[in-house]
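Chains as they are written, first to last, in my numbering: chain L, 8 to 197; chain B, 91 to 297. Ideal placement from N, C-alpha and C gives every residue a C-beta, glycine not left out.
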Amino acid sequence: MRYPFSRIGVLAGIVIAAALMMFCPRPVHAIPAVGDPFPKITLPTSDAKADRNYLGIAGGKTFTIGDIAASVVVIEFFSMYCPHCQADAPTTVALFNSIQSDPRLSKRVRMIGIGVGNSAYEVGIFKKKYGIPFPLFEDGAYAAMSLLDIRFTPTYMTLSIDKGKATVVHTQVGRITDVKSFLAMLTSLR
Amino acid sequence: MIRKRYGIPFLCLLAAFVLVTAAGYAWAASGAFAGSIYDPGQLKPTDSVLKVKVGDRAPDFDLPSVTGERVLLSSFAGVRNVVISFVPAAWTPVCSDQWPGYNAFKEIFDEHNAVLLGITVDNIPTLFAWTHEMNETGGGVWFPVLSDFWPHGATAARYGVLRSDGTSERALFVIDKKGIIRWIDVHDINKRPNLEDLVRELEKLTD
Numbered sequence: 008m009r010y011p012f013s014r015i016g017v018l019a020g021i022v023i024a025a026a027l028m029m030f031c032p033r034p035v036h037a038i039p040a041v042g043d044p045f046p047k048i049t050l051p052t053s054d055a056k057a058d059r060n061y062l063g064i065a066g067g068k069t070f071t072i073g074d075i076a077a078s079v080v081v082i083e084f085f086s087m088y089c090p091h092c093q094a095d096a097p098t099t100v101a102l103f104n105s106i107q108s109d110p111r112l113s114k115r116v117r118m119i120g121i122g123v124g125n126s127a128y129e130v131g132i133f134k135k136k137y138g139i140p141f142p143l144f145e146d147g148a149y150a151a152m153s154l155l156d157i158r159f160t161p162t163y164m165t166l167s168i169d170k171g172k173a174t175v176v177h178t179q180v181g182r183i184t185d186v187k188s189f190l191a192m193l194t195s196l197r
Numbered sequence: 091m092i093r094k095r096y097g098i099p100f101l102c103l104l105a106a107f108v109l110v111t112a113a114g115y116a117w118a119a120s121g122a123f124a125g126s127i128y129d130p131g132q133l134k135p136t137d138s139v140l141k142v143k144v145g146d147r148a149p150d151f152d153l154p155s156v157t158g159e160r161v162l163l164s165s166f167a168g169v170r171n172v173v174i175s176f177v178p179a180a181w182t183p184v185c186s187d188q189w190p191g192y193n194a195f196k197e198i199f200d201e202h203n204a205v206l207l208g209i210t211v212d213n214i215p216t217l218f219a220w221t222h223e224m225n226e227t228g229g230g231v232w233f234p235v236l237s238d239f240w241p242h243g244a245t246a247a248r249y250g251v252l253r254s255d256g257t258s259e260r261a262l263f264v265i266d267k268k269g270i271i272r273w274i275d276v277h278d279i280n281k282r283p284n285l286e287d288l289v290r291e292l293e294k295l296t297d
């Protein structure tokens, strides 16, 4: 049975559509996907010795995530101004404490926070008010947000570190609703 | 003849391409919550001429608040320092606006014997809904939220912070207990003022 349309017409359509798809710019949702490398974001080395010891960062003015002496790093992208982050602060403290009280996780996992668009002062009062026990860093220039397309805070990004290279293994946008399942995710990472 | 043979399949495939691309744009633009918040893009940093300066008496106003009460600026004279925070509009993304920050850190204002007044040119129902989004536990914010909606922007205009499109500037005024303006920050509307600058000015007030 003959098809009513020409094969050449169909083929031409496929070729031209494919060419257009390849060469026309489409917006890319830039938040890293699982398996993507984490961009080399530079953070200032903390003044607090306790923070430096916790992260295993010796000297130098700056460091990158890959420099942290851990197998897994959980980053909370937050803002002092964000009501969801204010509400999730006790949960992050609970998560930190659960990690620290687990013999295996406490050796492998480190937590940090990056205050998107926050100044050092703003990050400092957030840390003090909510008693955040893990290191927090300011990102007044929104560098992290633009590199990573963070659109919502809190965003929790979990990275695996291997020989100084950081790879995204999990991303959660929005509040942690269940510390247990977050811990289960961390425990499942090799 | 030719049009039917070649044209129809070609057009069908082109339509498929357009749909796939449009879906791609829609997906990229959605994000978490981003699709329901209007993005005005980059605006002119400031778009007004101040009508007051440091040392002037702050123009008095009597505006309705989201709780139903009216607030008179001069009622704070002799009692409290006043911080006025004009912000451009409600429903700018709550995660990036100033007021949820001021809402969480009431102690900073208490320490400096200051009351905070939040003002926009929006109407009361809009301000009510927006400020109730700022507090996960419900109940809105601790500070009076005032509507400069009618006559539209009259108070903002008296201070010289009404922009040509009818929104107000992102501006902070610190007023002492004598009712005198001690600090003005008409900020780049696209950026959020750092809290430490406001704290520094509050610390200069002696009582």
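Consult DSSP for Q132 (chain B) and reduce its assignment to one of helix, strand or coil.
What you label residue 132 (chain B) is simply residue 42 of the second sequence in a count that begins at 1. In this structure, Q132 (chain B) counts as coil in the three-state DSSP scheme.
Reference R282 (chain B); option with closest CA among B:Y128, B:H202, B:E259 and B:L162
In the second sequence, residue 282 (chain B) corresponds to position 192, counting from 1. Checked all of B:Y128, B:H202, B:E259 and B:L162; the closest Cα to R282 (chain B) is B:E259.
Is G122 (chain L) close to chain B? Criterion is C-beta to C-beta, closer than 8 Å.
The residue given as residue 122 (chain L) occupies position 115 in the first sequence. No, because no Cβ of chain B sits closer than 8 Å to the Cβ of G122 (chain L).
Within chain L, partners of P190 (chain B) - CB distance below 8 Å
The sequence position of residue 190 (chain B) within the second sequence is 100, counting from 1. Chain L residues near P190 (chain B): Y88, C89, P90 and Q93.
Quick one: what does DSSP say N193 (chain B) is sitting in, helix, strand or coil?
Here residue 193 (chain B) is taken as the residue at index 103 of the second sequence, counted from 1. The answer is helix: DSSP assigns N193 (chain B) an H, G or I state.
Ignore the nearest five residues each way along the sequence and tell me which others in T245 (chain B)'s own chain have a CB closer than 6 Å to its CB.
The residue you call residue 245 (chain B) lines up with position 155 of the second sequence. For T245 (chain B), where only same-chain residues beyond five positions count, the Cβ hits under 6 Å are F151 and D238.
Contact under 8 Å by Cβ, H91 (chain L) with E223 (chain B):
Mapped onto the first sequence, residue 91 (chain L) falls at position 84. Mapped onto the second sequence, residue 223 (chain B) falls at position 133. No, Cβ-Cβ distance for H91 (chain L) and E223 (chain B) is not below 8 Å.
At a cut of 8 Å, does the stretch 85-104 of chain L reach the stretch 121-141 of chain L through at least three beta carbon pairs?
yes
Separation of Q93 (chain L) from F85 (chain L), as counted between CA atoms:
As a first step, residue 85 (chain L) must be located in the first sequence, where it is residue number 78. As a first step, residue 93 (chain L) must be located in the first sequence, where it is residue number 86. The alpha-carbon atoms of F85 (chain L) and Q93 (chain L) are separated by roughly 9 Å.
Terminal residues of the beta strand (DSSP E) in which M118 (chain L) lies:
Walking along the first sequence from the start, residue 118 (chain L) turns up at place 111. Run containing M118 (chain L): V116 to V123, per the beta strand (DSSP E) assignment.
Where do the N-terminal and C-terminal ends of the beta strand (DSSP E) with N171 (chain B) fall, by residue?
Your numbering for residue 171 (chain B) matches position 81 in the second sequence. Counted as a single uninterrupted DSSP element, the beta strand (DSSP E) harbouring N171 (chain B) occupies residues N171 to F176.
So is A25 (chain L) buried or exposed if we call it buried at 16+ other beta carbons inside 10 Å?
Counting from 1 along the first sequence, the entry for residue 25 (chain L) is found at position 18. Its Cβ having fewer than 16 others within 10 Å, A25 (chain L) is exposed.
Just to confirm before moving on: does the CB-CB distance between P178 (chain B) and R248 (chain B) stay below 8 Å?
The residue labelled residue 178 (chain B) in the question sits at position 88 within the second sequence. The residue labelled residue 248 (chain B) in the question sits at position 158 within the second sequence. Contact flag unset, no.
Count the other CB atoms within 10 Å of the CB of E145 (chain L); is the residue buried (16 or more) or exposed (fewer)?
One-based indexing of the first sequence puts residue 145 (chain L) at position 138. The residue in question, E145 (chain L), is buried, as its Cβ has 16 or more Cβ neighbours within 10 Å.
Endpoints, the beta strand (DSSP E) within which W273 (chain B) is located
Locating residue 273 (chain B) in the second sequence gives position 183, where the first residue counts as 1. That run of the beta strand (DSSP E) goes I271 to H277.
Listing by chain order, which chain C residues have their CB less than 7 Å from the CB of I132 (chain L)?
Protein chains in the displayed structure are L and B, and chain C is not among them.
Beta-ladder partner(s) of F144 (chain L), from DSSP:
As a working note, residue 144 (chain L) is residue 137 in the first sequence. Per DSSP, L:I121.
Compute the distance between the beta-carbons of L252 (chain B) and L207 (chain B), then report whether it is under 8 Å.
Position 162 of the second sequence, counted from the first residue, corresponds to residue 252 (chain B). Position 117 of the second sequence, counted from the first residue, corresponds to residue 207 (chain B). Taking 8 Å as the cut-off, the beta carbon of L252 (chain B) is found no closer than this to the beta carbon of L207 (chain B).
Going by the CB atoms, is the gap between I38 (chain L) and L190 (chain L) shorter than 8 Å?
Looking up residue 190 (chain L) in the first sequence gives position 183. Looking up residue 38 (chain L) in the first sequence gives position 31. Not in contact: L190 (chain L) and I38 (chain L) (Cβ atoms no closer than 8 Å).
Along chain B, which residues have their Cβ under 8 Å away from the Cβ of S153 (chain L)?
Taking the first sequence and counting its residues from 1, the one referred to as residue 153 (chain L) is at position 146. The contact set of S153 (chain L) on chain B, defined by CB atoms closer than 8 Å, is empty, because the minimum CB distance reaches about 13 Å.
Candidates B:L288, B:V276, B:G269 and B:F263: closest to S165 (chain B) by CA position:
Within the second sequence, numbered from 1, the residue matching residue 165 (chain B) stands at position 75. The closest CA to that of S165 (chain B), considering only B:L288, B:V276, B:G269 and B:F263, is found on B:G269.
Sub-8 Å separation of T221 (chain B) and V156 (chain B) beta-carbons:
Stepping through the second sequence from its first residue, residue 221 (chain B) is reached at position 131. Stepping through the second sequence from its first residue, residue 156 (chain B) is reached at position 66. Going by C-beta atoms, T221 (chain B) is nearer than 8 Å to V156 (chain B).
In its own chain, which residues sit with a C-beta less than 7 Å from the C-beta of T216 (chain B), not counting the 5 before and 5 after it?
Here residue 216 (chain B) corresponds to residue number 126 of the second sequence, with the count starting at 1. Hits under 7 Å: A180.
Listed by chain order, chain B residues near Y128 (chain L) by CB distance under 8 Å
To locate residue 128 (chain L), count along the first sequence from 1; it is residue 121. By Cβ distance, chain B contributes N284, L285, E286 and V289.
Closer than 8 Å to chain L by CB, E226 (chain B):
Here residue 226 (chain B) is taken as the residue at index 136 of the second sequence, counted from 1. Cβ-Cβ to chain L under 8 Å: yes for E226 (chain B).
Is the beta carbon of T178 (chain L) closer than 8 Å to that of S167 (chain L)?
Taking the first sequence and counting its residues from 1, the one referred to as residue 167 (chain L) is at position 160. Taking the first sequence and counting its residues from 1, the one referred to as residue 178 (chain L) is at position 171. No, the pair does not count as a contact, with Cβ atoms beyond the cut-off.
Neighbourhood of L112 (chain L) by C-beta distance below 7 Å, restricted to the same chain and skipping five residues each side
Looking up residue 112 (chain L) in the first sequence gives position 105. The residues are I106, L193 and T194.
Are F176 (chain B) and V205 (chain B) touching if we call contact CB-CB under 8 Å?
Position 86 of the second sequence, counted from the start, is the residue given in the question as residue 176 (chain B). Position 115 of the second sequence, counted from the start, is the residue given in the question as residue 205 (chain B). No, they are not a contact pair.
Interface flag, D187 (chain B) vs chain L, CB-CB below 8 Å:
Translated into positions along the second sequence, residue 187 (chain B) becomes position 97. Judged by the 8 Å Cβ criterion, D187 (chain B) is in contact with chain L.
On the premise that L153 (chain B) lies in contact with I209 (chain B), defined as a C-beta separation below 8 Å, what is that separation, rounded to the nearest angstrom?
For the purposes of this step, residue 209 (chain B) is taken as residue 119 along the second sequence, with counting starting at 1. For the purposes of this step, residue 153 (chain B) is taken as residue 63 along the second sequence, with counting starting at 1. Right, their Cβ atoms sit about 7 Å apart.
Considering Cα atoms alone, identify which of L:S108, L:R14 and L:M164 is closest to I72 (chain L).
Indexing the first sequence from 1 puts residue 72 (chain L) at position 65. Taking only the C-alpha atoms, the option nearest I72 (chain L) is L:M164.
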